[in-house]
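Asks:
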Amino acid sequence: MTESKESSLSQIVRLLQETRKILLDEAQLKVISTSNHVFSQLKSLREILHTNGHQREANAVNDVLAICEQPTDLGGLGLSEKLESLTPEQDSEIVFLASAWLESLNSADRTKTRPAPLPTRPEGRRGMTLSEKIFALHDVNQTGFVSPGDLIRVDVDWVIASEASWRGMEKTYDRLGQPGIFRNDRFWLAGDHVVDPRITEMPQVKALIDASERAKRVFKMTDYQGMNYTILHTEFYRERAQPGMLVIGSDSHTCSSGAVGCLSIGLGAADVTMPLVTGETWFKVPESVNVRLVGQPKPGIGGKDVILYILQQLKRNTVASERIVEYTGPGLKYLTSDGRFAIANMTTELGGITGVFVPDEITEKFIQKRRLPRHKTSSVYFQPDEDAQYAQTCVIDLDNVHSFIAKYPKPDDVVPVPECEGMRLDGCFIGACTTAEEDLILAAMVLEEGLKRGLEPVKSGNRKVVPGSLPILRRLRELGLADVYEKAGFEIGVPGCSYCVGMSADQAKPGEVWISSQNRNFENRMGKGSFGSLASAATVAASSFEMKLKDPHELLAAIDLDRWDSLRGASKTSDTGSPENKLKYVEPHGSARTDSTKSQGQQTENVPVAEPTKSTSLGAGTDVLSGKINRLGDYIDTDALAPAEFLVGSTTNEAIGQHCLEYTHPDFRQRVKDGFNIVVAGTAFGCGSSREQAVMALQGCGVQCVIARSFAFIFQRNMPNLGLLGINISEESFYEAAVDGAEISIDLNAKVIDINGKKLGFQLSQMEHELFEHGGIASAFKKFGSKLFEAMTTPKNLPGVNRAEPSAGPHAELQW
């Protein structure tokens with residue numbers, strides 16, 4: 015054995031003893047040392063552990079071997095026993111993997127074992143929706159039942175983050191005192207938003223990469239492939255998320271994994287750091303909307319056109335606003351997992367908290383195709399009860415879906431492609447997380463058919479395709495479809511967000527008109543001053559030849575559908591399935607509960623009051639906020655509040671505050687300085703990306719409070735976490751009085767707003783109440799530690815209660 019290999023083996027043996035208290039005897043060490051190759055040594059170690067009853071440790075060693083032997087473009091190290099020697103770096107990486115996977119066993123031991131699900135619904139229990147059942151499964155109290163409005167503490171299966179959001183999470187993590195993370199095998203961190211091989215030498219980009227690499231080492235992450243391996247959501251959905259799981263991510267498109275029947279919810283960076291550290295978070299159980307899919311889509315019509323049609327029919331931030339969207343109905347059997355992925359992904363554009371599909375046989379087959387067994391065995395299959403209570407049910411007929419375009423700058427301004435056909439284009443982009451593998455295959459087949467017909471790409475314009483991950487790019491190359499893209503004039507980029515977020519090397523130029531298969535087309539989204547509209551990858555492909563918008567129908571009609579199904583791995587759908595293939599759905603563990611009592615402390619309707627009531631003073635800071643009203647309209651999005659191009663370089667609230675609403679309301683910042691510091695807005699304030707810098711930008715330019723008819727779900731949670739007061743008011747009389755420039759005061763103790771003598775009471779949820787009281791989520795953690803959410807979800811009689819000895823944290827002037 016070489017010295018380095020002896021060192022690797024001895025380190026792994028020592029790790030086994032230190033981490034798992036397993037000591038190998040001399041005879042066992044001699045057997046392992048028989049071979050001179052570290053792979054053979056690991057295989058011998060695996061067998062010895064298995065023989066001696068240490069099955070979990072044997073499985074951990076097997077996981078290390080699997081990663082070592084997996085090709086690099088499938089997420090592994092690309093090593094094999096054929097290599098006579100390894101580099102010191104490769105040796106070091108193997109030892110690191112061993113330390114990470116052995117530590118993951120300790121990590122898993124800290125997780126409380128859930129009771130096994132029940133085979134049938136308990137007698138007397140009220141019907142629940144799919145999302146309510148998943149919440150009930152993860153409810154720490156394990157009552158087996160939740161209903162809308164309940165404030166619950168939940169355990170979390172996975173936490174996911176991008177390199178861009180991890181920067182904010184790391185700052186929060188440092189403020190918490192670097193307490194360590196709950197599970198090192200359930201943190202998925204992908205470099206996709208900013209990193210790109212063309213700009214890795216930029217100091218700001220290097221800092222993002224260094225932070226991600228630091229997380230890998232400090233947390234001993236078991237599952238980390240580095241930069242530009244995948245867009246955050248792509249490989250997580252394809253190879254990790256499972257039915258019944260609860261996933262929390264620091265990105266608004268975390269909802270993508272709802273395609274496989276898990277509850278996958280995006281939150282702000284500070285919010286996501288808490289379940290990373292504690293394994294828990296909190297929710298006030300939202301209402302659910304049932305989008306019932308019927309009919310059958312036409313050949314070549316995939317998930318992207320379906321969600322565009324849903325946006326056209328339902329409009330964003332209406333029925334889905336602050337609700338979970340559940341996709342059900344007989345039409346599901348005509349949608350592949352990738353088709354469902356696109357729909358779940360853009361549920362955030364619809365305004366929903368998340369989107370989740372009822373898992374079925376299609377889901378199960380998708381899960382069972384995965385490479386690694388550990389990502390197949392934790393599925394829990396729920397379905398909504400027939401008497402589940404939805405806030406609303408909407409029927410979408412898939413027969414009516416055609417090729418659509420969402421016109422700039424609104425994702426719900428959707429019309430059939432022929433209505434805009436011939437629109438001149440400067441750029442065609444196929445990519446972003448919403449564009450799944452089957453979309454990339456179909457677009458390539460459209461290009462292939464066009465090339466067969468003699469169509470040639472004009473020399474003008476930009477064409478780019480960015481596969482969602484290296485495994486997808488590998489498959490496109492295996493199928494010969496990457497060559498098709500290149501023959502059709504497309505540049506193939508590395509996996510990443512690219513033009514969709516417009517904050518890295520790929521940015522559309524001012525005045526350019528683009529058609530894109532991405533998911534969001536807000537102002538300046540693809541680049542400052544550019545114009546981007548949304549369509550399916552097939553539509554973008556058909557439009558790319560002449561750089562004019564074109565309906566792909568003619569090219570789609572010529573495609574060999576059997577070949578299409580074969581390439582995307584879709585099986586023929588039958589109206590009847592054999593009973594033995596039917597899934598066995600289960601129910602959350604717990605006793606029956608028939609009451610619909612909700613947790614105390616939930617938000618209530620705004621109630622007009624005659625006079626303020628007295629309560630204990632805060633003892634620090636300001637009891638009354640006052641200023642002038644700064645009126646804004648509906649749908650003020652986070653892309654506008656914190657423009658993407660300034661996110662990486664702005665390290666303080668004041669720095670990002672200098673650009674708040676710079677492009678859409680250029681006089682906003684000066685008006686705030688002039689005393690117009692109380693924002694009064696309309697519907698869905700803070701919609702769009704999950705970026706918590708939107709809240710920081712408002713704080714940085716001096717905004718004291720935001721009052722709105724409604725807030726986007728993530729933004730509403732970001733405000734109390736970061737110390738900005740947000741108040742939801744639906745009373746029409748308030749908005750009649752709240753004219754721009756009107757004097758306004760907000761009594762924090764009495765919970766009363768005063769505009770020219772007209773007074774209106776307001777309420778906050780218990781969690782918002784508690785977070786403000788303790789100066790934000792970081793300050794609260796310092797007081798309560800891992801018991802944070804347990805302390806804050808304990809029911810309290812909040813209305814009218816005087817708080818004794820309130821905490822005087824860094825944002826005391828905004829505390830209750």
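Sequence positions in the sequence shown follow my numbering and run 15 to 830.
Heads up, the beta-carbon is just placed ideally off N, CA and C, and yes, glycines get one too.
1. Excluding the 5 residues preceding and the 5 following ARG231 in the sequence, name in chain order all residues of the same chain whose CB lies nearer than 8 Å to its CB.
2. What's the C-alpha gap between ILE62 and ILE279?
3. So the candidates are PRO344, LEU563, GLN672, LEU548; which of them puts its Cα closest to the Cα of GLU363?
4. Would you say GLY366 and ALA402 are within 7 Å of each other, going by their C-beta atoms?
5. Distance check for ASN414 and PHE660, CA to CA, integer angstroms please.
6. ASN76 to SER392, Cα distance in whole Å?
7. Looking at the structure shown, is ARG124 part of a helix, part of a strand, or coil, going by DSSP?
8. I'd like to know whether the C-beta atoms of LEU144 and PHE443 end up nearer to each other than 7 Å.
9. Give the C-beta separation of SER121 and ASN198 to the nearest angstrom, bearing in mind that I take them to be a contact with Cβ-Cβ under 8 Å.
10. Can you tell me which of GLY546, ILE36, LYS318, PHE776 puts its alpha carbon nearest to the alpha carbon of LEU349?
11. Can you find at least 3 beta carbon pairs, one from the segment 266-276 and one from the segment 177-189, that sit closer than 8 Å?
12. For the candidate residues ARG438, ALA458, GLU451, whose alpha-carbon lies nearest to that of PRO485?
13. Starting from the C-beta of CYS514, find all residues in its chain whose C-beta is less than 6 Å away, skip the five residues before and the five after it, and write them out in chain order.
14. Go ahead and pull the three-state DSSP assignment for ASN811.
15. Which term fits GLY141, buried or exposed, when burial requires 16 or more other beta carbons within 10 angstroms of its beta carbon?
16. Can you check which of these residues, ASP520, THR697, GLN327, GLY663, is closest to ASP651 by C-alpha distance?
17. Classify ARG212 as buried or exposed, calling it buried when 16 or more other Cβ atoms lie within 10 Å of its own Cβ.
18. Could you tell me how far apart the beta carbons of PHE297 and VAL168 are, in whole angstroms, since I believe they sit closer than 8 Å?
19. In three-state DSSP terms, what is ALA358?
20. Can you give me the start and stop residues for the beta strand (DSSP E) that GLY280 sits inside?
21. Just the C-alpha distance for ALA826 and GLY163, rounded to the nearest angstrom, thanks.
22. Ignore the nearest five residues each way along the sequence and tell me which others in ILE573's own chain have a CB closer than 7 Å to its CB.
23. Which ranges would you report for the alpha helix (DSSP H) in the segment 40-92 if only whole runs of at least 4 residues count?
24. Which one or two residues does DSSP pair with ARG306 in a beta bridge?
25. What do you reckon, are the CB atoms on TYR243 and ASN304 nearer than 7 Å?
26. Work out the CA separation of GLY737 and ASP153 for me, nearest whole Å.
27. I'd like to confirm the pairing. Which residues does DSSP put opposite MET241 in its beta bridges?
28. Can you list, in chain order, the residues of its chain whose CB lies under 6 Å from that of PRO566, leaving out five sequence neighbours each side?
29. What is the rounded straight-line gap between the Cα of GLY546 and the Cα of ASN476?
30. Per DSSP, what kind of secondary structure is ASN644 in: helix, strand or coil?
31. CA-CA distance, LEU386 and LEU581?
32. Does the separation of the CB atoms of GLN310 and LEU456 fall below 7 Å?
33. Should SER467 go down as buried or exposed, given a rule of 16 or more other Cβ atoms within 10 Å for buried?
34. DSSP three-state label for ASP224, please.
35. Which residue from LEU29, LEU151, GLY293, SER550 puts its Cα closest to that of LYS801?
36. Could you check where the beta strand (DSSP E) with ASP169 kicks off and where it finishes?
Replies: Quick look at the numbers:
1. PHE110
2. 42 Å
3. The option with the nearest alpha carbon to GLU363 is LEU548.
4. Note that the C-beta distance between GLY366 and ALA402 is not below 7 Å.
5. 41 Å
6. 19 Å
7. Three-state DSSP puts ARG124 in coil, outside helix and strand.
8. no
9. Beta-carbon to beta-carbon, SER121 and ASN198 are separated by about 5 Å, close enough to satisfy the 8 Å threshold.
10. LYS318
11. no
12. GLU451
13. Beyond the five residues adjoining it in sequence on each side, CYS514 comes within less than 6 Å, by CB distance, of ALA446, GLN532 in the same chain, given in chain order.
14. Confidence in ASN811 is poor, its pLDDT being 49 and thus under 50, which makes the residue's placement unreliable; the coordinate value appears in the next sentence. The three-state secondary structure of ASN811, taken from DSSP, is coil.
15. exposed
16. THR697
17. exposed
18. 6 Å
19. helix
20. That run of the beta strand (DSSP E) goes 277-280.
21. Residue confidence for ALA826 is low, a pLDDT of 27 falling below 50, so the modelled location carries little weight; the figure read from the coordinates is stated next. Distance between the alpha carbons of ALA826 and GLY163: 28 Å.
22. GLY314, MET459, GLU463
23. 40-46, 52-65, 69-83
24. Looking at the DSSP assignment, ARG306 forms a beta bridge with THR342, VAL409.
25. no
26. Going from the Cα of ASP153 to the Cα of GLY737 covers about 27 Å.
27. GLY205
28. SER417, VAL460, ALA552, THR553, ALA556
29. 13 Å
30. ASN644: strand per DSSP, three-state reduction.
31. 22 Å
32. no
33. Rather than Ser, the amino acid found at residue 467 in this sequence is Arg. The residue in question, ARG467, is exposed, as its Cβ has fewer than 16 Cβ neighbours within 10 Å.
34. helix
35. GLY293
36. 165-169
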